[in-house]
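Presented below is the structure to which this report refers.
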Amino acid sequence: MLDFRIATFLKLCETKSYTKTARVLGITQPSVTQHVKYLQNKYHCKLFVYENKMLRLTPEGEYFRRQAEQMLKMSERVYADLQRMTESQEIRFGFPSELGEQKAVSILAELAKKENGATVSMISGNTAEMLRMLEGGQLDCVLADKLYAEGHYNSQSFAKVHFGGYSGSEHAEINMNAKRLLEEQLLLREEGASDRAVLEHMLHKRDLPFASFSRILKSNVPLSLQALAGADKGVFFTYECAISAEGVVPLRGLGDLSEERSLVILTMKKDSAPEEMSTFIEQFRELWNS
Numbered sequence: 005m006l007d008f009r010i011a012t013f014l015k016l017c018e019t020k021s022y023t024k025t026a027r028v029l030g031i032t033q034p035s036v037t038q039h040v041k042y043l044q045n046k047y048h049c050k051l052f053v054y055e056n057k058m059l060r061l062t063p064e065g066e067y068f069r070r071q072a073e074q075m076l077k078m079s080e081r082v083y084a085d086l087q088r089m090t091e092s093q094e095i096r097f098g099f100p101s102e103l104g105e106q107k108a109v110s111i112l113a114e115l116a117k118k119e120n121g122a123t124v125s126m127i128s129g130n131t132a133e134m135l136r137m138l139e140g141g142q143l144d145c146v147l148a149d150k151l152y153a154e155g156h157y158n159s160q161s162f163a164k165v166h167f168g169g170y171s172g173s174e175h176a177e178i179n180m181n182a183k184r185l186l187e188e189q190l191l192l193r194e195e196g197a198s199d200r201a202v203l204e205h206m207l208h209k210r211d212l213p214f215a216s217f218s219r220i221l222k223s224n225v226p227l228s229l230q231a232l233a234g235a236d237k238g239v240f241f242t243y244e245c246a247i248s249a250e251g252v253v254p255l256r257g258l259g260d261l262s263e264e265r266s267l268v269i270l271t272m273k274k275d276s277a278p279e280e281m282s283t284f285i286e287q288f289r290e291l292w293n294s
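If you want it as structure tokens, here you go:
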């Protein structure tokens, strides 16, 4: 659906070379030039200039690039939706790994017992990955922390979950004030994980960066961080519903670093939720809270 000349323009923005663009797209260099000239004539503006032998976007070109990227996303989403309309209906549900996949699996097992239920495809990853897939039309809805409920998303309340710090039995009776907490090794998820983002947001209110901790160990495998916490090898901040490793206990005395968080279901604002999705979300919510 997207004009092939706009696709050429976007690739040229990426490579900053007519020769490379032609090679990647499998067309001739004169064709790349013609595509750009067509767009410049159509929109009555210059999109590229050379500065010190480097190809750069003009201000008009930079604006057009942003709009073209949005048009590309829309085109991909429309294509995906049309493909789905010709196939059996399927709800593509994004479940962040930060919330503990075990609970989601048990809920899906219960939903599978229902007759005439919708076909559900559950995809898991960190929240940022899920939202990119939602925006790209690869998911229909995503469960997320309310921290992400803004901008171009529709949001509906889902549940409340406790968020706090966890470690092993040796820390069970320690009053973990700020000074004592910063002496610990922080077990930290990768960027894009909501438990990391929520903790960063909480620490920011205290003017504390992650670097305030004595040591930091990072991993994109949440169960490994839970295991380390359970072995008293550091402190790990996450959602209570995600805890599954043995020996993990909540930290005491955290104050505003421990709180109830709201979870929401996010969909794209331009999308209308079909009846099957609304039914699935309601059933999933009931089982989550049961």
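Heads up: the sequence shown at position 31 corresponds to 35 in the working numbering, and the numbers run straight through without jumps. For each residue, glycine too, the CB sits at the ideal point set by N, CA and C.
query	result
Using DSSP with H/G/I as helix, E/B as strand and the rest coil, what is D211?	coil
For F217, which of helix, strand or coil comes out of DSSP?	coil
Would you list the residues sitting across from M126 in a DSSP beta bridge?	F97
Where R256 and N224 are concerned, what is the direct C-alpha to C-alpha distance, given to the nearest angstrom?	26 Å
Our contact map puts V124 next to L115 with C-beta atoms below 8 Å; I'd like the distance itself, whole angstroms only.	7 Å
Given this structure, state the Cα-to-Cα distance separating E66 from P278, to the nearest angstrom.	37 Å
So if DSSP puts T271 in a beta bridge, which residue, or which two residues, is it bridged to?	N158
Give the DSSP-derived three-state secondary structure of N56 in the structure shown.	coil
Within the continuous alpha helix (DSSP H) that includes C245, where are the two ends?	Where C245 is concerned, there is no enclosing alpha helix (DSSP H), given that its DSSP letter is neither H nor E.
Look at the alpha carbon of R9 and the alpha carbon of Y42, and state the distance between them as a whole number of angstroms.	8 Å
Return the CA-CA distance between L135 and G168, expressed in angstroms with no decimal places.	24 Å
Would you call M281 buried or exposed, if buried means 16 or more other Cβ atoms sit within 10 Å of its Cβ?	buried
How do the stretch 151–158 and the stretch 222–239 stand: do at least 3 beta-carbon pairs fall below 8 Å, yes or no?	no
Three or more beta-carbon pairs under 8 Å between the stretch 141–153 and the stretch 168–187, yes or no?	no
For I220 versus L192, is the C-beta spacing smaller than 8 Å?	yes
If you draw a straight line from the C-alpha of D236 to the C-alpha of A176, how long is it?	10 Å
In or out: L284 buried (at least 16 other Cβ within 10 Å) or exposed?	Residue 284 is actually Phe in this sequence, not Leu. When all chains shown are included, F284 counts as buried.
Less than 7 Å between C-beta atoms, sequence neighbours within five positions excluded: which residues of the same chain meet that for Q33?	Y22, T23 and A26
Do E18 and A246 count as a contact pair if the criterion is CB distance below 8 Å?	no
Check whether the stretch 202–222 and the stretch 64–83 are in contact - that is, three or more C-beta pairs closer than 8 Å.	no
Can you have a look at G30 and say buried or exposed, based on whether 16 or more other CB atoms are within 10 angstroms of its CB?	exposed
Taking the alpha-carbon of T271 as reference, which of M58, T37, G98 and S35 has the nearest alpha-carbon?	G98
What is the C-beta distance between G104 and S248, in whole angstroms, given that I count them as a contact (C-beta under 8 Å)?	6 Å
Can you grab the Cα-Cα spacing for the pair M206 / E80, in whole Å?	37 Å
Run through the DSSP bridge pairs and tell me what H166 is partnered with.	E264
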